[in-house]
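A.B. asks: Before we start, here is the structure in question, set down as structure tokens.
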Amino acid sequence: QGMIEAAKVNKAIVAHCEDNSLIYGGAMHEGKRSKELGIPGIPNICESVQIARDVLLAEVAGCHYHVCHVSTKESVRVIRDAKRAGIHVTAEVTPHHLL
């Protein structure tokens, strides 16, 4: 409903994307460093699955959907595919997610 209303007034939906049901107690990105430190990792799918769902909803609603601080290559792929399909999606990244 929020996306439909945003489309009516030509405003973007801005989202920080994480599917909390997939975090599994993680505290940082799941990868080599989390394993080295012994810190539970958050799988990449937590971000990309939320973005994929929201992109589909944004397409149906006809709204502009903006993803904040993208941090996984899977998410970039979903966003690129959406843009190629003509869905109004934008995104940004923060410097620490590039390292």
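Numbering of the sequence shown is given in the UniProt record's numbering, commencing with residue 1 and proceeding in unit increments.
Heads up, the beta-carbon is just placed ideally off N, CA and C, and yes, glycines get one too.
None of these values were measured; they are calculated from a predicted model.
Helix, strand or coil: how does DSSP classify residue 78 here?
C.D. replies: Counting from one through the sequence shown, the residue named residue 78 turns up at place 78. Helix at residue 78.
A.B. asks: For the alpha helix (DSSP H) containing residue 55, name the first residue and the last one.
C.D. replies: Working through the sequence shown from its first residue, we reach residue 55 at position 55. Its alpha helix (DSSP H) spans residues 45–61.
A.B. asks: Keeping to the same chain, check which residues put their C-beta closer than 8 Å to that of residue 2; ignore five residues upstream and five downstream.
C.D. replies: Counting from one through the sequence shown, the residue named residue 2 turns up at place 2. So the qualifying residues of the chain are 13.
A.B. asks: Out of 72, 50 and 87, state which residue places its alpha-carbon closest to the alpha-carbon of residue 62.
C.D. replies: By 1-based counting over the sequence shown, the position of residue 62 is 62. When only C-alpha atoms are compared, the closest one is 87.
A.B. asks: Rounded to whole angstroms, how far is the Cβ of residue 81 from the Cβ of residue 46, which I believe are closer than 8 Å?
C.D. replies: Taking the sequence shown and counting its residues from 1, the one referred to as residue 81 is at position 81. Taking the sequence shown and counting its residues from 1, the one referred to as residue 46 is at position 46. Contact flag wrong, Cβ pair sits at about 19 Å.
A.B. asks: Using C-beta distances below 7 Å, list every residue in its chain close to residue 41, excluding the 5 sequence neighbours before and after it, in chain order.
C.D. replies: Taking the sequence shown and counting its residues from 1, one reaches residue 41 at position 41. Excluding positions up to five away in sequence, the list reads 26, 28, 29, 30, 31 and 34.
A.B. asks: Using CA atoms only, rank isn't needed, just tell me which of 23, 52, 48 and 50 is closest to residue 39.
C.D. replies: Position 39 of the sequence shown, counted from the start, is the residue given in the question as residue 39. Comparing Cα positions, the closest option is 23.
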